[in-house]
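Student:
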Amino acid sequence: MRFTHDEMMTVATSRFIRDGWNTFIGTGLPMVAAYLAKATHATHATLMFESGILAPEPRTVARAVGDPRLQSTARRVSGMLDALLLLQGGHVDFGVLGGAQVDRYGNINSTAVGGEGYHRPATRLGGSGGANDIASTAGEFLIVVRHSRRTFVERVDHLTSPGFLDGPGAREAAGLRGRGPTGVVTDLGVFDFDPATKQMGVVSLHPGTTWDEVAAATGFELARPATLPTTKEPTARELDLLRTRIDPDGIYVKADRA
Amino acid sequence: MRFTHDEMMTVATSRFIRDGWNTFIGTGLPMVAAYLAKATHATHATLMFESGILAPEPRTVARAVGDPRLQSTARRVSGMLDALLLLQGGHVDFGVLGGAQVDRYGNINSTAVGGEGYHRPATRLGGSGGANDIASTAGEFLIVVRHSRRTFVERVDHLTSPGFLDGPGAREAAGLRGRGPTGVVTDLGVFDFDPATKQMGVVSLHPGTTWDEVAAATGFELARPATLPTTKEPTARELDLLRTRIDPDGIYVKADRA
Amino acid sequence: MSIAASGSKVVDLRTAVDSIRPGATLSFSGFGHFGHPLAFVRELLRAGTGDLTLHAIAECWPAELLTAAGRVRHVNLSNLMFEGLGRVRAICRAVENGWITTDDHSHLGLTLRLLAAGWGVPFLPIRSMAGSDLERIQSGEAPKFARLHSPFGDEEIGVVSALAPDVAIIHVAEADEQGNGIITGQISVVDAQIRAARRVIVTTERIVAAEEIVERNQLVTVPGILVDQVVHTPYGAYPGGMYGLYDEDLELMGEYYEASRTVPATAAYLQEWVFDLPDHDAYLNRIGSRRLAEAVVDPVHKLARGRGEW
Amino acid sequence: MSIAASGSKVVDLRTAVDSIRPGATLSFSGFGHFGHPLAFVRELLRAGTGDLTLHAIAECWPAELLTAAGRVRHVNLSNLMFEGLGRVRAICRAVENGWITTDDHSHLGLTLRLLAAGWGVPFLPIRSMAGSDLERIQSGEAPKFARLHSPFGDEEIGVVSALAPDVAIIHVAEADEQGNGIITGQISVVDAQIRAARRVIVTTERIVAAEEIVERNQLVTVPGILVDQVVHTPYGAYPGGMYGLYDEDLELMGEYYEASRTVPATAAYLQEWVFDLPDHDAYLNRIGSRRLAEAVVDPVHKLARGRGEW
Chain A
1 MRFTHDEMMT VATSRFIRDG WNTFIGTGLP MVAAYLAKAT HATHATLMFE SGILAPEPRT
61 VARAVGDPRL QSTARRVSGM LDALLLLQGG HVDFGVLGGA QVDRYGNINS TAVGGEGYHR
121 PATRLGGSGG ANDIASTAGE FLIVVRHSRR TFVERVDHLT SPGFLDGPGA REAAGLRGRG
181 PTGVVTDLGV FDFDPATKQM GVVSLHPGTT WDEVAAATGF ELARPATLPT TKEPTARELD
241 LLRTRIDPDG IYVKADRA
Chain B
1 MRFTHDEMMT VATSRFIRDG WNTFIGTGLP MVAAYLAKAT HATHATLMFE SGILAPEPRT
61 VARAVGDPRL QSTARRVSGM LDALLLLQGG HVDFGVLGGA QVDRYGNINS TAVGGEGYHR
121 PATRLGGSGG ANDIASTAGE FLIVVRHSRR TFVERVDHLT SPGFLDGPGA REAAGLRGRG
181 PTGVVTDLGV FDFDPATKQM GVVSLHPGTT WDEVAAATGF ELARPATLPT TKEPTARELD
241 LLRTRIDPDG IYVKADRA
Chain C
1 MSIAASGSKV VDLRTAVDSI RPGATLSFSG FGHFGHPLAF VRELLRAGTG DLTLHAIAEC
61 WPAELLTAAG RVRHVNLSNL MFEGLGRVRA ICRAVENGWI TTDDHSHLGL TLRLLAAGWG
121 VPFLPIRSMA GSDLERIQSG EAPKFARLHS PFGDEEIGVV SALAPDVAII HVAEADEQGN
181 GIITGQISVV DAQIRAARRV IVTTERIVAA EEIVERNQLV TVPGILVDQV VHTPYGAYPG
241 GMYGLYDEDL ELMGEYYEAS RTVPATAAYL QEWVFDLPDH DAYLNRIGSR RLAEAVVDPV
301 HKLARGRGEW
Chain D
1 MSIAASGSKV VDLRTAVDSI RPGATLSFSG FGHFGHPLAF VRELLRAGTG DLTLHAIAEC
61 WPAELLTAAG RVRHVNLSNL MFEGLGRVRA ICRAVENGWI TTDDHSHLGL TLRLLAAGWG
121 VPFLPIRSMA GSDLERIQSG EAPKFARLHS PFGDEEIGVV SALAPDVAII HVAEADEQGN
181 GIITGQISVV DAQIRAARRV IVTTERIVAA EEIVERNQLV TVPGILVDQV VHTPYGAYPG
241 GMYGLYDEDL ELMGEYYEAS RTVPATAAYL QEWVFDLPDH DAYLNRIGSR RLAEAVVDPV
301 HKLARGRGEW
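Residue numbers (my numbering), protein chains in the order written: chain A, 1 to 258; chain B, 1 to 258; chain C, 1 to 310; chain D, 1 to 310.
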């Protein structure tokens, strides 16, 4: 069965979400992945949004974290302070984060790129939002980004959200309570972090992706494992759910409609 | 016009409440006094209760700070944390406190009396509740108690709510933000605190009360002023409002119905 | 992750009560004569669970009944009294005789201690308690109050330490089977209690379909993700009231208050109204449907007929 | 005491805008494309008030429009972007060119700074920001983050400093003339903003009788005692939406987003949609009643017709 990069990324992301987990997400591909997880292996996962929306069940895909569809179908609606303090209080098992740059320790930049640095960057971005809060205090988090040398950099220009900072013991020294990033999903593969070195390693490459492609698209040295597993393909059921029920208009997840 | 001790205390209390003030009160005589103030000189005073009830306008007198009458007629209903943090945040101009013991500095005990002290008192009382919070952080507060040597003591057995502590500068040293107690209303008279010494002094004696009665009912030395003004009597309108509209059944304020 | 995320969290009252271990620290909903989970308290009394520590801000009735039965060892409290009646005599007697120990706070102080635990931080700053005996006398297991120098200016500020109950027992008007709960009217300190507690038990007047919760999702004080067990206990606050549903039974509350004057009369009251009745159904049968119906409030004025003007 | 406690706080939009001094620090309601007080922002643009500092958590539209017109000097922010569209280009351009300065926080960090001010304490503890550049780079007027040793155990904890805007401008669905305001749906960070600000201006879709507020008093997010001025601004969040009332006008928002690609096009947009129109009435006339009516949402699904399934 044919599938797109978007679909592979969505399915790979959904597989990180465990049943029963309280999952803190934004909109976009991660939200689609979360609804896919709920429709498959994680029926009792609960979705939470930084806007204070709890357990929404919209009939169609939401466009924003404050989307009326999410509010009108949620079990509870409050505000950002409430949502982020539930997060800090230890009630969130899992979050999903994107970013403009990621380094080998899973540190994320979503604030400023290039130029003379923070005060006069070449490109100013949106900033942390709740991302630093999720990276610091969620049980664990997953990084979902497109794979390129611009994104996978040796050192992030601005450390907006903490991965493993500068390596083993650094999160603990900073007093961060969450376990940190446990995986990275890109359009090329699935990655994780070595328990000892806290550096990014390869879990699997998506079907059709070669090691050379990954190495070329990564701006830091990635160890080549002895064997290179292939990411399990999306099942027919997963693709069907995505295409017909969860994001039928391809708002966030492009299906190949050729 | 005849009036009772209760009525004199209520009217004297109501006169401390200024128009426009956010006033934090409990039930009982102070609540009746607050509604009297709103019906006379302080139309735009706003009543707040520690239960999180804002600006209630019950048709009949409430029996408790969580009384359904207060909740069903309030402009806003929240909870205790919200109410007490509005207080701490500086949004309360005035509070009214009672107590089992009061000393010359306006310190109040509502926790434990006699015996071997806090851990094994002769009489255990209810404890601070919001009283310490009001005494510490309201703009100012009024003490309303019945006058006796048991109540007006040299030293409170337990300093539950801070008046001027041990004298000038002590509130500032403790970091307390409110100005402290500005008056005391009893069944015998009205009292205040000397701006320099922070000790209790006489403002006026209620009609018919003598200096000797007050001195005999006070367990610490109270300076006798050169002149002894008489508290302004309740007006016919004040008595009428109390007896026919605010507390017609005499639940909190006994009228002489003989 | 909440332990019962795999489906409904609904259990029966006995199961919920049996999850409370001897020696546990507890915190109960309620304020004045309203909103206390008294059906739960009576079942807890029947279960015999003792050596309890209470974090008691406004739960006068649960604290008094548990103390009257000798089940309490220590109370961290801010205020305990019966509004409109007077002292909580069993608690006062227990303190005066040295049967239990206490640590006193202001309402804000104790509530912020719970909130600190709920927020996952070791302390929260506070502008009250300083200078009083609430600061000087520290008689809990751990210190409650300290002063800090602010790193942002030349200022000293009080801080209260985090305090987490093992279990918060919260009575609500309505909840779905996941524990998303609606409290009508003032919420007392439920917001702090449910965030602080290691486990949350919700007792509810009604268990409703998710749709009913979704329709009023801005009124959900108790987020289901914090809840471990949901128990259906109609008239669960009786003889206290539930705002918007039924008024307190002042006669029955007064009966306890009179009995509490002496130890034997208190024991007789508990025997008659708790131990001699096997369960909550038997309790409600004893009250009788006529009396329960009379307590039901007018939907607009929120008072029972015969309780005077609103 | 609130300054207008002596009666109604209702003023017209221009009076409220004129109370904002040049150099003021402001914070606005809103989240995503909903709930921003944009009628107020347009009037503030017309008034010419500049040299502003913003404490901007989620108010992307007010911050972008004020920055686009050159009225902003400094932004304390946690996130500014247009959900579903992309970057807030005028702000990004101003930062990249050094026209404005910024100090970055996490959402929780900046919100807790406001809350600390609202609670009257110098700081609040926080478990995030530590170890990141949000801790290391401190570029506001005063330090935002420090670490403290807890007095209650061997633990270091981050704290953020109190930060109070001069004025919070909050758009609500309904308010009485004292400013007791109801927001339908999520409240974003209004709870922190109104407690932190030295003054609060409420703009409202409807001014309602006190009775309508009393009936739903559990839904009052804005307590009137915090409010200084109340302004009636129907469609006051347009072209953004108000949950439960009207949907955002994606076409008009997109028009700004396209214009924001260049400085001249941005200026032309502001000329056309702000400066060439004398007031909010003229703005609504220009939009036209048909377009406003089309934005009105279905009361159950909270979406305008033609916006797809819910």
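Glycine residues also receive a C-beta, built at the ideal position from the N, C-alpha and C atoms.
Note that the structure is predicted; figures quoted are calculated from it, not measured.
Grouping DSSP H, G and I as helix and E and B as strand, with all else coil, what is E140/B?
Tutor: Here residue 140/B refers to the residue found at position 140 when the second sequence is read from its first residue. In this structure, E140/B counts as strand in the three-state DSSP scheme.
Student: Is DSSP giving L292/D helix, strand or coil here?
Tutor: Sequence index remark: in the fourth sequence, residue 292/D carries index 292 (1-based). Note: L292/D maps to helix in three-state DSSP.
Student: By DSSP, does S2/C sit in helix, in strand, or in coil?
Tutor: One-based indexing of the third sequence puts residue 2/C at position 2. Because S2/C carries a pLDDT of 40, less than 50, the predicted location of this residue cannot be relied on, and no value is offered for it.
Student: Does the beta carbon of M1/C come closer than 8 Å to any beta carbon on chain A?
Tutor: As a working mapping, residue 1/C is identified with position 1 in the third sequence. Unreliable positioning characterises M1/C in this predicted model, as indicated by a pLDDT of 36, which lies under 50. The coordinate reading is nonetheless provided below. It does: the Cβ of M1/C has a partner Cβ on chain A nearer than 8 Å.
Student: If I measure Cβ to Cβ from A5/D and keep anything under 7 Å in the same chain, skipping five residues before and after, which residues do I get?
Tutor: One-based indexing of the fourth sequence puts residue 5/D at position 5. Because the pLDDT at A5/D is just 45, under 50, the model does not fix this residue reliably, and the point stays unresolved.
Student: Could you list which residues in chain B have their beta carbon closer than 7 Å to that of N217/D, in chain order?
Tutor: Mapped onto the fourth sequence, residue 217/D falls at position 217. By Cβ distance, chain B contributes A74, R75, R76, V77.
Student: Mind checking if S150/C is an interface residue toward chain D, Cβ cutoff 8 Å exclusive?
Tutor: Locating residue 150/C in the third sequence gives position 150, where the first residue counts as 1. Answer yes: the Cβ-Cβ gap between S150/C and chain D drops below 8 Å somewhere.
Student: Are R71/C and T49/C closer than 8 Å when you measure CB to CB?
Tutor: If you number the third sequence from 1, residue 71/C lands on position 71. If you number the third sequence from 1, residue 49/C lands on position 49. Yes.
Student: By the 10 Å Cβ neighbour count, where 16 or more other Cβ atoms means buried, how is S136/A classified, buried or exposed?
Tutor: In the first sequence, the residue the question calls residue 136/A occupies position 136. By the neighbour-count rule (16 or more Cβ atoms within 10 Å), S136/A is buried.
Student: What is the rounded straight-line gap between the Cα of G250/A and the Cα of T204/C?
Tutor: The residue given as residue 250/A occupies position 250 in the first sequence. The residue given as residue 204/C occupies position 204 in the third sequence. So the two alpha carbons sit approximately 43 Å from each other.
Student: Name the one or two DSSP bridge partners that G86/C has.
Tutor: Along the third sequence, read from residue 1 onward, the residue named residue 86/C stands at position 86. DSSP lists F82/C as partners of G86/C.
Student: Does the beta carbon of E294/C sit closer than 8 Å to a beta carbon anywhere in chain D?
Tutor: For the purposes of this step, residue 294/C is identified with residue 294 of the third sequence, where counting begins at 1. So, not an interface residue.
Student: By the criterion of Cβ-Cβ separation under 7 Å, what are the contact partners of L226/D in chain B?
Tutor: As a working mapping, residue 226/D is identified with position 226 in the fourth sequence. Within 7 Å Cβ-Cβ: H91.
Student: Quick check on the DSSP output: what are the complete beta strand (DSSP E) runs of length 3 or more inside the region 60-129 of chain B, in order along the chain?
Tutor: Within the region 60-129 of chain B, the complete beta strand (DSSP E) runs of at least 3 residues are 94-97.
Student: Classify G120/D as helix, strand or coil using the three-state DSSP reduction.
Tutor: Position 120 of the fourth sequence, counted from the first residue, corresponds to residue 120/D. Three-state DSSP puts G120/D in coil, outside helix and strand.
Student: What residues of chain C sit near I53/B, judged by a beta carbon separation below 8 Å?
Tutor: Here residue 53/B refers to the residue found at position 53 when the second sequence is read from its first residue. Q186, listed in chain order.
Student: Within the chosen definition, does the region 166-184 of chain A reach the region 59-66 of chain A through at least 3 CB pairs nearer than 8 Å?
Tutor: Segments in contact, no.
Student: Between the Cα of V159/C and the Cα atoms of A130/C, T221/C, G185/C, which residue gives the shortest distance?
Tutor: Here residue 159/C is taken as the residue at index 159 of the third sequence, counted from 1. Nearest option by C-alpha distance: A130/C.
Student: Following the continuous beta strand (DSSP E) through Q158/A, name the residue where it begins and the one where it ends.
Tutor: On the first sequence, residue 158/A is found 158 positions in, with the first residue counted as 1. In the sequence on display, residue 158/A carries His and not Gln. It is not in any beta strand (DSSP E) - H158/A carries neither H nor E in the DSSP assignment.
Student: Assuming M1/B and A236/B make a contact with CB atoms under 8 Å, what is their CB distance in whole Å?
Tutor: Here residue 1/B refers to the residue found at position 1 when the second sequence is read from its first residue. Here residue 236/B refers to the residue found at position 236 when the second sequence is read from its first residue. About 6 Å separates the two Cβ atoms, so the contact holds.
Student: Any Cβ of chain E within less than 8 Å of the Cβ of G35/C?
Tutor: Looking for chain E here will not work: the only protein chains present are A, B, C and D.
Student: Mind listing which residues of the region 27-49 of chain B have their C-beta closer than 9 Å to chain D's C-betas, in chain order?
Tutor: Within the region 27-49 of chain B, the residues whose Cβ lies closer than 9 Å to some Cβ of chain D are T43, H44, A45, T46, M48, listed in chain order.
Student: Pull up the distance between the alpha-carbon of S14/B and that of T23/B, whole angstroms please.
Tutor: Numbered from its first residue, the second sequence carries residue 14/B at position 14. Numbered from its first residue, the second sequence carries residue 23/B at position 23. If you take the alpha carbons of S14/B and T23/B, they lie about 11 Å apart.
Student: Closer than 8 Å, CB to CB, is R63/B near chain C or not?
Tutor: Numbered from 1 along the second sequence, position 63 holds the residue referred to as residue 63/B. Output row for R63/B: interface = yes.
Student: Do we get a CB-CB distance below 8 Å when we pair R195/D with the residues of chain B?
Tutor: For the purposes of this step, residue 195/D is identified with residue 195 of the fourth sequence, where counting begins at 1. Closer than 8 Å to some Cβ of chain B, the Cβ of R195/D qualifies, so yes.
Student: Going along chain C in order, which residues have a C-beta closer than 7 Å to the C-beta of L85/A?
Tutor: Here residue 85/A refers to the residue found at position 85 when the first sequence is read from its first residue. Under the 7 Å cutoff, chain C gives W119.
Student: Less than 8 Å between CB atoms is the rule here; does R69/A satisfy it with respect to chain C?
Tutor: As a working mapping, residue 69/A is identified with position 69 in the first sequence. Chain C, which has no Cβ nearer than 8 Å to the Cβ of R69/A, makes this no.
Student: Among the candidates H171/C, P62/C, G254/C, whose CA atom is the shortest distance from the CA of M242/C?
Tutor: Translated into the one-based positions of the third sequence, residue 242/C becomes position 242. Closest by alpha carbon: H171/C.
Student: Could you tell me which of T209/A, R224/A, T210/A, E213/A sits nearest to V202/A, measuring between CA atoms?
Tutor: In the first sequence, the residue the question calls residue 202/A occupies position 202. Comparing Cα-Cα distances from V202/A to each of T209/A, R224/A, T210/A, E213/A, the minimum goes to R224/A.
Student: Output needed for L239/A: all residues of its chain with C-beta closer than 7 Å, excluding positions within five of it in sequence on either side, in chain order.
Tutor: Along the first sequence, read from residue 1 onward, the residue named residue 239/A stands at position 239. If we look at L239/A and ignore the five residues flanking it on each side, its Cβ neighbours are M1, F3, E7.
Student: Would you mind reading off the limits of the beta strand (DSSP E) that contains P181/A?
Tutor: Taking the first sequence and counting its residues from 1, the one referred to as residue 181/A is at position 181. From DSSP, the beta strand (DSSP E) with P181/A extends over 181-185.
Student: Which chain D residues sit within Cβ distance under 7 Å of V159/C?
Tutor: Counted from its first residue, the third sequence places residue 159/C at position 159. Those are P151, listed as they occur along chain D.
Student: Can you tell me whether R243/A is helix, strand or coil according to DSSP?
Tutor: Counted from its first residue, the first sequence places residue 243/A at position 243. If DSSP states are grouped into helix, strand and coil, R243/A belongs with the helices.
Student: Compute the minimum distance between the beta carbon of G240/C and the heavy atoms of the ligand NAP, and state whether it is under 7 Å.
Tutor: In terms of ligand content, the structure shown is empty, and the ligand NAP therefore cannot be addressed.
Student: Taking the alpha carbon of H259/A as the reference point, which residue from G167/A, N107/A, L125/A, G189/A has its own alpha carbon closest?
Tutor: With chain A running from 1 to 258 in the structure shown, residue 259/A is simply not present.
Student: Name the residue from R150/B, A45/B, F193/B whose alpha carbon lies nearest to the alpha carbon of G219/B.
Tutor: Taking the second sequence and counting its residues from 1, the one referred to as residue 219/B is at position 219. Answer by Cα proximity: R150/B.
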